[in-house]
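Here is the structure we will look at, set down as structure tokens.
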Amino acid sequence: MVLSHLRFLILLITLLPRASLSENLSHPDAAAAGLDLRDRPFVVVWNMPTANCQKRHNVHLDLQDFGIVENQRQRFQGQNVTIFYRDRLGKYPYISHDGREVNGGIPQLGDLTSHLSLAEGQLDILLHPGFSGVGVIDWEEWLPLWENNFGSKMEYRRFSKDLVRQERLDLSEKDVKLLAQQEFEESARMFMEETLRLVVRRRPRGFWGFYGFPSCFNKHKRKRDKTYTGRCHWGTKQKNERLSWLWAQSTALYPSIYLPQRLAGSTDAALMIRHRLLEALRVASTWRHGNSNNQATPVLPYARLAFTHTLNFLSETDLEHTLGESASLGAAGVVLWGEMKFAKSKKQCVLLRDYIHTVLGPFIQTLRAEASRCSLQLCYSHGRCARRRPNSGRSLSSTPVSVSHNGTDSASSKYFQQHFRCRCYSGWTGTWCQRKMVGSGQDKS
């Protein structure tokens, strides 16, 4: 029995990414408090592999000075945030760029039982049982709805139809497509749904969801497009309603709000981000996990501090269009993501540090302070503020300040009451979150 367990552990270790082993095998963050989203108006979480700035280049980023949540020693996996890519959790089936069918290639040919067994062992090794941070599964090779697999993802449709043709020679092409779609969507659902069930069951205090969901399909395609509204693509709402099973198993939602370089300083950026967030917030308030105490699922969009596929940092205007828009619409926070190249050299680390100290950090400090002030003045510190009229453009980061003769901040109070409303934390209710909910585990007021 002991020998069998040892062999299984050795197998898990060989399948885990080498970079994470020395940092995670002994649960180094076991004593850390973890992340609590339930009673904080707005959090900013660092999910960037920048530990090398300190370790190799002796450049310290001072994230905590600006209230940015990070893992201990800026580990990529830790008590506050962990992301699992396609090869880090179980046996995710996908087709590689060179055409290899990995773990079966398509969901229909994947081994779900083996996948879940391996994933459970990896979780036990990588994450402390008390993990209570951002938990993200990043599977981007295929999407669970058949029609959303276009472009390079069309091969999943082709492989699925080929599989049906091999097994059902009697079917017409129309019926082949229908059956292939049915089998693909059922299998894709099983992989995603059961993986979420597993991670939530094994680490129930974590905030679990898939990166990039829900989608809005409102990509800005041209540099100059006077007709762009930012609204989600026609049919998006109906598509997301077909994914109700996914939202019901998610304990957090992680839509993407990355900005392309062509939208630098453009108001179209705010439109694009706004509608992605509004769709995510709609989904979050419509379908809720059983652990949520009937509260809306937290929404934490994934943002970059540089434009997509570049190292060009966002300006304060661009930060307002991403982070500011997120806070003003009532998101629980944002997750900042970036690639290894942000820490590739001492020069790049110094550039990153200077950007944090002069632009990003002060912006986040101001934004979090105003979100907290609105929560205090409008919601008795029992909820977070959200725009009354989503398209008004009113921002928490541009709150007016005017101290009256009795020391109260009259201008900001009026501004908050006029332009924002409250989204109550778990256990609180009422227009201003002024009443404790009966049965919430708190005393009734």
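Counted the way mature numbering (1 follows the signal peptide of the UniProt record, and there is no 0) counts, the sequence shown spans residues -22 to -1, 1 to 423. Where is the CB? At the ideal position from N, CA and C, for every residue including glycine. These figures come from a predicted structure and were not determined experimentally.
- In the DSSP assignment, residue 323 forms no beta bridge with any residue.
- The beta carbon of residue 153 lies closer than 6 Å to none in the same chain, with the five residues before and after it left out.
- Relative to the Cα of residue 95, the nearest Cα in the group 169, 333, 363 and 123 belongs to 169.
- DSSP places residue 154 within a helical segment (H, G or I) once states are collapsed to three.
- Here residue 210 is near residue 257, since their CB atoms are less than 7 Å apart.
- Runs of the alpha helix (DSSP H) spanning 4 or more residues and lying entirely within the segment 250 to 313 occur at 294 to 297 and 303 to 307, in chain order.
- Residue 138 sits close to residue 84, with the two beta carbons spaced by under 7 Å.
- Residue state for residue 245 is assigned as helix, using DSSP reduced to three classes.
- In the pairwise beta carbon analysis, the segment 273 to 292 is classified as touching the segment 309 to 324: at least three pairs are separated by under 8 Å.
- Residue 20 and residue 338 do not touch by the CB rule: their CB atoms are close to 15 Å apart, not below 8 Å.
- A buried status is given to residue 82, since no fewer than 16 other beta-carbon atoms sit within 10 Å of its beta-carbon.
- Cα atoms of residue 376 and residue 352: separation of roughly 12 Å, rounded to the nearest angstrom.
- Here residue 278 is not near residue 227, since their CB atoms are 7 Å or more apart.
- Between residue 286 and residue 236, the CB-CB gap stays under 7 Å.
- Straight-line measurement puts the Cα of residue 342 at about 11 Å from the Cα of residue 300.
- The Cβ atoms of residue 364 and residue 378 do not sit closer than 7 Å to each other.
- By the beta-carbon neighbour count (other beta carbons within 10 angstroms, threshold 16), residue 77 is exposed.
- When only Cα atoms are considered, residue 329 and residue 336 end up about 11 Å apart.
- Looking from the CA of residue 186, the closest CA among 112, 50, 213 and 124 belongs to 112.
- Here residue 205 carries a coil assignment [DSSP, helix/strand/coil].
- Inter-segment contact for the segment 30 to 40 and the segment 67 to 75 is absent: fewer than three beta-carbon pairs are separated by less than 8 Å.
- Judged by beta-carbon spacing, residue 30 lies beyond the 7 Å limit of residue 47, meaning their Cβ atoms are not closer than that value.
- Cβ atoms of residue 146 and residue 157 come within 8 Å of each other, at about 7 Å.
- Excluding residues up to 5 positions away in sequence, 314, 315, 316 and 320 lie with their Cβ nearer than 7 Å to the Cβ of residue 26 in the same chain.
- Excluding residues up to 5 positions away in sequence, 377 and 378 lie with their Cβ nearer than 7 Å to the Cβ of residue 393 in the same chain.
- Listed in chain order, the non-local C-beta contacts of residue 149 below 8 Å within the same chain comprise 142, 143 and 157, local neighbours out to five positions each way being set aside.
- Residue 316 sits in coil when the DSSP states are folded into three classes, being neither helix nor strand.
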